[in-house]
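Each residue of the sequence shown is one higher than the last, beginning at 268 in our numbering. Where is the CB? At the ideal position from N, CA and C, for every residue including glycine. As structure tokens, the structure follows; a few thoughts come after it.
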Amino acid sequence: MGVWLIESLRLTVLVEDTVEESNKKLITGHGLSILVEAKVNGVDVCVLMDTGPSSKALLNNIDVLGVNPRRVDAVVLSHGHYDHTDGLMGALKSIAKCVPVLAHPEAFNLKFSVDPKLRFNGSAFTVADVEGAGGIPFLSKDSIKIADGIITTGEIERLTSYERVEGFWTIKNNRVVKDSMPDDQALVINMKDKGLVVITGCAHAGVVNTVNYARKITGTSRVYAVLGGFHLIDASEERIEATIRDLARFDPMFLGPCHCTGEKAISRIKEAFGDKCHRLRTGDTVTL
């Protein structure tokens, strides 16, 4: 991805936790789904990044926003939590053709938390369900190329000292173990004359780790935009400040925090980055 090939990029937030008062026909939900429309060497490419927490919200908003789901070429799941995957069956039905569904091999594992009581937070669906609905599972720990200039990160290298995964559990070999969320991945787009656009679902691996890894696997140091969930909602002040410090070192032109970033962290990011920061909500469109 050393050559910048993406000529234009349009992002539409199909589902997020919040919405502007003027968009009352849109359904919100704790989760995220972003439609990615790009032009690559004159060819249109359409990717659905996550599917939100329900088919009801996703399909309603697709209709209200006038989106044609049959244009979708691939679905990317950032990780296996319900708030990013439970709209998948509705998405595949509306796409109405066989499409690749890109995910980590552990994305469909049993996932749960205890906060304060036992709660299942994984996907409601299995790989067999995906296949039955017309999805073609591409389950890989590695980066997958969707089109020239558009890739998934695959499993993300974790180097920062302050970005840690806490509070998630799974079962392996009949034993309860901490879920370090190896299935967390991002979508990376390399834009002509601009640099990398990194789209995260929840950034459980850490948003700074994610951007650093995107730079590593693309061989491109220039970062144009970072958007999605940054998972700072329960983060300490120290982690929020460290994240802001290291994001600033990338010198992005656009930051679009939303979903699990949390309002406190979003407010701090806005203070630090000013007009470069845009809090994304359901129904928002971003043209880069």
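| Proximity to R506 [Cα-Cα], best of V474, F521 and K483 | Here residue 506 refers to the residue found at position 239 when the sequence shown is read from its first residue. Considering only alpha carbons, the answer is V474.
| field | Helix, strand or coil at V394 [DSSP, three-state] | value | On the sequence shown, residue 394 is found 127 positions in, with the first residue counted as 1. Helix, per DSSP.
| query | Between which two residues does the alpha helix (DSSP H) carrying I507 extend? | reply | Here residue 507 is taken as the residue at index 240 of the sequence shown, counted from 1. E504 to F517 is the extent of the alpha helix (DSSP H) around I507.
| Cut-off 6 Å between Cβ atoms - residues of its own chain near F482, not counting five sequence neighbours on either side | Working through the sequence shown from its first residue, we reach residue 482 at position 215. This sequence places Arg at residue 482; Phe is not what is there. Excluding residues within five positions, the ones whose Cβ falls inside 6 Å are S488.
| task | Go ahead and label S321 buried or exposed: buried means 16 or more other beta carbons lie within 10 angstroms of its beta carbon, across all protein chains shown. | result | Working through the sequence shown from its first residue, we reach residue 321 at position 54. Buried, since its Cβ has 16 or more Cβ neighbours within 10 Å.
| request: Rounded to whole angstroms, what's the CA-CA distance from S428 to R512? Just pull it up for me. | output: Translated into the one-based positions of the sequence shown, residue 428 becomes position 161. Translated into the one-based positions of the sequence shown, residue 512 becomes position 245. C-alpha separation (whole angstroms): 14 Å.
| query | In the structure shown, what three-state DSSP assignment does Y429 receive? | reply | Here residue 429 refers to the residue found at position 162 when the sequence shown is read from its first residue. Reduced to three states, the DSSP call for Y429 is coil.
| message | If the criterion is Cβ atoms closer than 8 Å, does the pair T352 and S390 meet it? | response | To locate residue 352, count along the sequence shown from 1; it is residue 85. To locate residue 390, count along the sequence shown from 1; it is residue 123. Contact: yes.
| message | Using only the alpha-carbon positions, how far apart do V443 and Y349 sit? | response | In the sequence shown, residue 443 corresponds to position 176, counting from 1. In the sequence shown, residue 349 corresponds to position 82, counting from 1. The straight-line gap from Cα to Cα measures roughly 19 Å.
| query | According to the Cβ coordinates, are V455 and L278 closer than 8 Å? | reply | Taking the sequence shown and counting its residues from 1, the one referred to as residue 455 is at position 188. Taking the sequence shown and counting its residues from 1, the one referred to as residue 278 is at position 11. Cβ atoms of V455 and L278: not closer than 8 Å.
| field | Residues near D317 by beta carbon distance below 6 Å, same chain, minus five either side | value | Residue mapping note: residue 317 aligns to position 50 of the sequence shown, counting from 1. Closer than 6 Å at the Cβ level, and outside the excluded window around D317, lie L299, S300, S345, H351 and G468.
| request: Report back the beta-carbon spacing between A502 and G523 to the nearest angstrom; my notes put them in contact at under 8 Å. | output: By one-based count along the sequence shown, residue 502 stands at place 235. By one-based count along the sequence shown, residue 523 stands at place 256. Not quite, the Cβ-Cβ distance comes to about 18 Å (not below 8 Å), so this is no contact.
| Should V342 and L315 be called a contact, given that it needs their Cβ atoms to be closer than 8 Å? | Locating residue 342 in the sequence shown gives position 75, where the first residue counts as 1. Locating residue 315 in the sequence shown gives position 48, where the first residue counts as 1. Yes, the Cβ-Cβ distance between V342 and L315 is below 8 Å.
| task | Locate the beta strand (DSSP E) running through I362, then write down its first and last residues. | result | Your numbering for residue 362 matches position 95 in the sequence shown. Boundaries for I362: no beta strand (DSSP E) harbours it, while the alpha helix (DSSP H) harbouring it runs L355 to I362, taken from the DSSP string.
| message | Using a Cβ-Cβ cutoff of less than 7 Å, which residues in the same chain neighbour N457 once the five nearest sequence positions on both sides are dropped? | response | Along the sequence shown, read from residue 1 onward, the residue named residue 457 stands at position 190. Within the same chain, N457 has close Cβ partners M268, W271, L272, I273, G416, L463, T485 and T487.
| N-terminal and C-terminal residue of the beta strand (DSSP E) that A324 is part of | Taking the first residue of the sequence shown as position 1, residue 324 is located at position 57. Annotation: A324 is outside any beta strand (DSSP E); the continuous alpha helix (DSSP H) that includes it extends over S322 to V331.
| Under the criterion of a Cβ to heavy atom distance below 7 Å, does T477 qualify as lining the ligand SAM? | By its list of ligands, the structure shown contains no ligand whatsoever, and the ligand SAM lies outside what it can speak to.
| request: Out of E538, G333, R386 and F392, state which residue places its alpha-carbon closest to the alpha-carbon of L355. | output: Counting from one through the sequence shown, the residue named residue 355 turns up at place 88. The option with the nearest alpha carbon to L355 is F392.
| With G402 and V368 assumed to form a contact (beta carbons below 8 Å), what rounded beta-carbon distance in angstroms separates them? | Walking along the sequence shown from the start, residue 402 turns up at place 135. Walking along the sequence shown from the start, residue 368 turns up at place 101. That belief holds up - the Cβ atoms of G402 and V368 are roughly 4 Å apart, short of 8 Å.
| field | Outcome for K292 when other beta-carbon atoms lying within 10 angstroms are tallied against a minimum of 16 | value | The sequence position of residue 292 within the sequence shown is 25, counting from 1. Result: exposed.
| field | CB-CB length for I362 against V394, believed under 8 Å | value | As a first step, residue 362 is located in the sequence shown; it is residue number 95 there, counting from the start. As a first step, residue 394 is located in the sequence shown; it is residue number 127 there, counting from the start. Between the beta-carbon of I362 and that of V394 there is about 17 Å, and that puts the pair past the 8 Å contact cut.
| Under a three-way DSSP split, which group does E274 fall into? | Your numbering for residue 274 matches position 7 in the sequence shown. Looking at E274 - three-state DSSP - the assignment turns out to be strand.
| said: Measuring straight from C-alpha to C-alpha, what distance separates L359 and I533? | reply: As a working mapping, residue 359 is identified with position 92 in the sequence shown. As a working mapping, residue 533 is identified with position 266 in the sequence shown. Rounded to the nearest angstrom, the two C-alpha atoms are 32 Å apart.
| query | In terms of DSSP beta bridges, what is H348 paired with? | reply | Here residue 348 is taken as the residue at index 81 of the sequence shown, counted from 1. Per DSSP, G389.
| said: Can you list, in chain order, the residues of its chain with a C-beta nearer than 7 Å to that of F405? Leave out the 5 residues immediately preceding and following it. | reply: As a first step, residue 405 must be located in the sequence shown, where it is residue number 138. P367, V368, L369 and I411, listed in sequence order.
| field | Alpha carbon of N440 to alpha carbon of G309, nearest angstrom | value | Along the sequence shown, one-based indexing puts residue 440 at 173. Along the sequence shown, one-based indexing puts residue 309 at 42. C-alpha separation (whole angstroms): 49 Å.
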